[in-house]
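Report on the following structure.
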Amino acid sequence: VVRRANDTLYEWTKAQKKFSSGSRDNTVLKGDTWFKPSTGTLKCNVDTVCYVDQNFYCVGACVRNAQGNFVRAYARRLAGKPEIAEAEAWGVLEVLQWFQASNMVCVYQNRLLTGCASYKNKRS
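Put into structure tokens, the structure is as follows:
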């Protein structure tokens, strides 16, 4: 587990360097502000990273409680080269399916859904 976490951190750091050098046109949704969840509830952060040259992308999620304590995590590597917005949408679906399989209750709200609708309209 530790080796996998270190490998993931290394790959993420490498991707961030590539991203900052402007090697790929990325769609970034801005303006989201994190708020802690209500007492007794959990909050899940979902993120996706694309490795276009290697033909795969990864989905990760971290669940925390109202005190900010770690509760659970999820990670999965998927084959393909989707556009950024599509990879993010697949990531959300993966995590929702993980919630369902784990019998976790989820109330989901995220600007990504609006962003995906805008992204689709731009491509039409």
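Sequential numbering of the sequence shown, starting at 9, is according to our numbering. Heads up, the beta-carbon is just placed ideally off N, CA and C, and yes, glycines get one too. Please read these numbers as outputs of a predicted model, since none were measured by experiment.
Report the rounded CA-to-CA distance for R72 versus Q105, giving the unit in angstroms. Locating residue 72 in the sequence shown gives position 64, where the first residue counts as 1. Locating residue 105 in the sequence shown gives position 97, where the first residue counts as 1. Approximately 18 angstroms, taken between the alpha carbons.
In DSSP terms, what D55 is bridged to: Locating residue 55 in the sequence shown gives position 47, where the first residue counts as 1. In the DSSP output, where bridge partners are listed per residue, D55 has G68.
Per DSSP, the bridge partner or partners of L86: Residue mapping note: residue 86 aligns to position 78 of the sequence shown, counting from 1. Y65.
Near G68, what residues of its chain come up, given a Cβ to Cβ distance below 6 angstroms and the 5 sequence neighbours on each side ignored? Walking along the sequence shown from the start, residue 68 turns up at place 60. Cβ within range, chain order: D55 and A83.
Span of the alpha helix (DSSP H) holding G99? Start at 1 with the first residue of the sequence shown, and residue 99 comes out as number 91. It spans I92 to A109 - the alpha helix (DSSP H) in which G99 sits, taken as one unbroken run.
Does the Cβ of A216 have 16 or more other Cβ atoms within 10 Å, making it buried, or fewer, making it exposed? Outside the displayed range of the chain (9 to 132) lies residue 216, so it cannot be described from this structure.
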